[in-house]
Amino acid sequence: MCNFKQIIYLLVIILPSLTYSNSFEKNCLNCHFQEAQLERFIYKYTLKYSSQKRIENAIFEYLKYPTREKSVMPSGFLNRFGIKEKTILNDDELKKSIHKYYKRYNIKQFIK
Amino acid sequence: MSKAERKSIISILAIYLTSTILLVATLAFNYYHYKKEQIQEKEQTIMNQNSKSVLFKIQNLHNNKTVDIIYPRFKEFNSAIFDIERNLIFSTLEKQDIDFDKKFYHKDDYIYYIEETTPYYLGTAYIVIEMKNKGMISSVSNNLVILTLIIIFIITITSLFLVKLILKPIRDNLKLMDRFIKDTTHELNTPISTILTNIELIDSTKLDIKVEKKFNRIKTASLTISNIYEDLAFLILKHTVSSQNELLNINNIIRQRVEYFNILFKSKNITVDIDEKDTLFLNIDNKKVTRIIDNLISNAIKYTKKQTHIQINIDENSFQICDQGYGMSKEQISKVFERYSRFDNTQGGFGIGYNIIYTIINEYNLNIKIDSKLNEGTCVTLSK
Numbered sequence: 005m006c007n008f009k010q011i012i013y014l015l016v017i018i019l020p021s022l023t024y025s026n027s028f029e030k031n032c033l034n035c036h037f038q039e040a041q042l043e044r045f046i047y048k049y050t051l052k053y054s055s056q057k058r059i060e061n062a063i064f065e066y067l068k069y070p071t072r073e074k075s076v077m078p079s080g081f082l083n084r085f086g087i088k089e090k091t092i093l094n095d096d097e098l099k100k101s102i103h104k105y106y107k108r109y110n111i112k113q114f115i116k
Numbered sequence: 084m085s086k087a088e089r090k091s092i093i094s095i096l097a098i099y100l101t102s103t104i105l106l107v108a109t110l111a112f113n114y115y116h117y118k119k120e121q122i123q124e125k126e127q128t129i130m131n132q133n134s135k136s137v138l139f140k141i142q143n144l145h146n147n148k149t150v151d152i153i154y155p156r157f158k159e160f161n162s163a164i165f166d167i168e169r170n171l172i173f174s175t176l177e178k179q180d181i182d183f184d185k186k187f188y189h190k191d192d193y194i195y196y197i198e199e200t201t202p203y204y205l206g207t208a209y210i211v212i213e214m215k216n217k218g219m220i221s222s223v224s225n226n227l228v229i230l231t232l233i234i235i236f237i238i239t240i241t242s243l244f245l246v247k248l249i250l251k252p253i254r255d256n257l258k259l260m261d262r263f264i265k266d267t268t269h270e271l272n273t274p275i276s277t278i279l280t281n282i283e284l285i286d287s288t289k290l291d292i293k294v295e296k297k298f299n300r301i302k303t304a305s306l307t308i309s310n311i312y313e314d315l316a317f318l319i320l321k322h323t324v325s326s327q328n329e330l331l332n333i334n335n336i337i338r339q340r341v342e343y344f345n346i347l348f349k350s351k352n353i354t355v356d357i358d359e360k361d362t363l364f365l366n367i368d369n370k371k372v373t374r375i376i377d378n379l380i381s382n383a384i385k386y387t388k389k390q391t392h393i394q395i396n397i398d399e400n401s402f403q404i405c406d407q408g409y410g411m412s413k414e415q416i417s418k419v420f421e422r423y424s425r426f427d428n429t430q431g432g433f434g435i436g437y438n439i440i441y442t443i444i445n446e447y448n449l450n451i452k453i454d455s456k457l458n459e460g461t462c463v464t465l466s467k
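From first to last, the protein sequence lines are chains A and B. Going by this note's numbering, the first residue of the first sequence is number 5, and it counts up by one from there. Going by this note's numbering, the first residue of the second sequence is number 84, and it counts up by one from there.
Rendered as structure tokens:
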């Protein structure tokens, strides 16, 4: 009985994070499977927005309502690939996916 | 050096030195600030160059993406980078507590410089440079304090010399006067003794009325001269003769001295009343207490109108001599103890009486109080 309770607790704690992790991988990595590409985005966002909060907000704003003005990519890139389509994710799922992306790729963690 | 001379020197020095010190301090203060600004400007320029070096390095790190980003380190200074929300990105600083409200500041042993940058390479919005404070400002202030002290010391010595130079003619005059009094006193000794002895020998009862009047005038004049002589002799001998202190009945001495001055009282038709509430004893030199009493009585006679009254009150702690004379103003009272100070040139004397009193009461720690009103009179109280 005791073991069963512990498993339930563990599932309650781990499942949401697994879900968010899966959400990022399912929703983002499906298309952006090249790591270099994701790194390039974060370098661009860091150069323009500096802090984690501002970067995450900027990505959220762009994915929610994508425009050329909000994009950090150069015009040549946008001419070739165009701007992204509006996200279909809900706000909460989108924010968590962005957070996951930032945590994984932010430059600051690599400074030594 | 006399008390008045010392007072003059102190007053002149105080005015001269205060103004000079103020001037020197103002110059030193301005120079310090000028130097401080110059040093800070230099430090800021160096630190600005350092921040540019950090910026150049992080710009390269941002543009040349590698797996590990090795933050630039410099021997001459420490640095840190912060994002736009002032969150630390990376730091090699000794002290992490940064005041972002100031662009440049000193704290503990370090100098800090904050440079804002855009775009945000590696997310950097602020570059903080930390350098060891070489103490250039404190070295300037220390040197300045030493220099100021030396200048003030030299000025003090110079001004002391100048003040003495200025006061030299006055001092010479005083010396001349002292010497003159000394010489005069020596010369007066024999003739005064002769006059007084011979006056005592003359039997006034055998004289006819006209001659007696003239004789009394001579007696009065010789008493006055004798009193002046005693004062002068005291001034000359006060440093050479030691005090013979004994417990004296002051009531008796006052009575004797009033008797002694009797002829002077009569010459101005002054009545004297001694009210002895109690007996006053003082452990004092007889000659000195006599000088005090004689001077107080002779002043009361000298500065009192004819046909007035002198009241002497004695109790166990004090005696008081009150006249109905011309009185003194507050300003005159404040100067009364200065040697050679005289307020009425029509009266004889050298203006040394109160100075002698002051010298003696200081020696015996006695108190003197002068209550005086112009044209009403003066009351001098001497108490234990």
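Note that beta-carbon positions come from the ideal geometry of N, C-alpha and C, so glycine has one too. Values in this document were obtained by computation on a predicted structure and should not be read as measured data.
Does any CB atom of chain B fall closer than 9 angstroms to the CB of residue i?
i        : result
A/PHE149 : The structure shown does not extend to residue 149 of chain A, since chain A is modelled only from 5 to 116, so the question has no answer here.
A/ILE111 : yes
A/THR71  : no
A/SER54  : yes
A/ILE115 : yes
A/ARG58  : yes
A/MET5   : Model confidence at A/MET5 stands at a pLDDT of 44, short of 50, so the residue's coordinates are unreliable and nothing is read from them.
A/VAL16  : With a pLDDT of only 45 at A/VAL16, under the threshold of 50, the placement of this residue in the model should not be trusted, and no figure is reported.
A/SER21  : Its pLDDT being 46, under 50, A/SER21 is placed unreliably in this model, and the value from its coordinates should be taken loosely. With 9 angstroms as the cut-off, A/SER21 does not count as an interface residue toward chain B.
Using a Cβ-Cβ distance under 9 angstroms, would residue i count as near chain A?
i        : result
B/ASN54  : The shown model of chain B, from 84 to 467, leaves out residue 54 of chain B, and the question about it has no answer.
B/PHE187 : no
B/LEU176 : no
B/PHE157 : no
B/ASN170 : yes
B/PHE139 : no
B/ILE152 : yes
B/LYS148 : yes
B/PHE173 : yes
B/LEU106 : no
B/ILE167 : yes
B/GLY110 : For the record, residue 110 of chain B in the displayed sequence is Leu; it is not Gly. No, B/LEU110 lies away from the interface with chain A (no Cβ there is under 9 angstroms from its Cβ).
B/LEU227 : no
B/LEU232 : no
Where does residue i land, buried or exposed, given buried means 16+ other C-beta within 10 angstroms?
i        : result
B/LYS385 : buried
A/VAL16  : Bear in mind that the predicted position of A/VAL16 carries a pLDDT of just 45, short of 50, making it unreliable; the figure below should be weighed with that in mind. A/VAL16 comes out exposed.
B/LYS148 : exposed
B/ASP286 : exposed
B/PHE160 : buried
B/ASN378 : buried
A/PRO20  : Residue placement at A/PRO20 cannot be trusted, given a pLDDT of 46 that sits under 50; what the coordinates show is reported in the next sentence. Exposed is the call here.
B/LYS437 : The residue asked about is misnamed: residue 437 of chain B is Tyr in this sequence, not Lys. Answer is buried; the Cβ neighbour count reaches 16.
B/GLY206 : buried
B/SER417 : exposed
B/VAL137 : buried
B/LYS90  : exposed
B/SER412 : exposed
Skipping 5 residues on each side, what residues in its chain have a beta carbon closer than 8 angstroms to that of residue i?
i        : result
B/GLY218 : none
B/ILE275 : SER305, ILE308, SER309 and TYR312
B/GLU295 : SER287
B/ASP358 : GLN394, ILE395, ASN396 and ILE397
From the DSSP output, which residues share a beta bridge with residue i?
i        : result
B/GLU329 : B/ILE367
B/MET214 : B/ILE194
B/CYS468 : For chain B, the structure presents residues 84 to 467; residue 468 of chain B sits outside this window and is missing.
B/ASN450 : B/SER466
B/ASN400 : Answer is none; B/ASN400 lacks a bridge partner.
B/ALA108 : Answer is none; B/ALA108 lacks a bridge partner.
B/LYS456 : B/GLY460
B/TYR209 : B/PHE165 and B/GLU199
B/THR354 : B/HIS392
B/TYR114 : For B/TYR114, which the question treats as bridged, DSSP gives no partner whatsoever.
B/PHE187 : B/TYR196
B/ILE152 : A/ILE115
Return the chain-ordered list of same chain residues with a C-beta closer than 7 angstroms to the C-beta of residue i, the five sequence neighbours on each side being excluded.
i        : result
B/LEU227 : ALA111, TYR114 and TYR115
B/LEU290 : PHE298
B/SER174 : ALA163
Apart from the five residues just before and just after residue i, which ones in its own chain have a Cβ nearer than 6 angstroms to its Cβ?
i        : result
B/ASP192 : ASN216
B/ILE319 : LYS265 and THR268
B/PHE348 : VAL355
B/ASN400 : SER466 and LYS467
A/ILE102 : GLU60, ILE63 and PHE64
For the ligand SAM, is there a heavy atom less than 8 angstroms away from the beta-carbon of residue i?
i        : result
B/PHE298 : The model on display carries no ligand, and the ligand SAM is accordingly not part of it.
> Of all the residues that make up the segment 192 to 211 of chain B, which are near chain A by a beta-carbon distance shorter than 8 angstroms?
Replying inline: PRO202, TYR203, TYR204, LEU205, GLY206, THR207 and ALA208
>> Output needed in chain order: residues of the segment 25 to 53 of chain A with a Cβ under 9 angstroms from some Cβ in chain B.
In response: ALA40, GLU43, ARG44, TYR47, THR50, LEU51, LYS52 and TYR53
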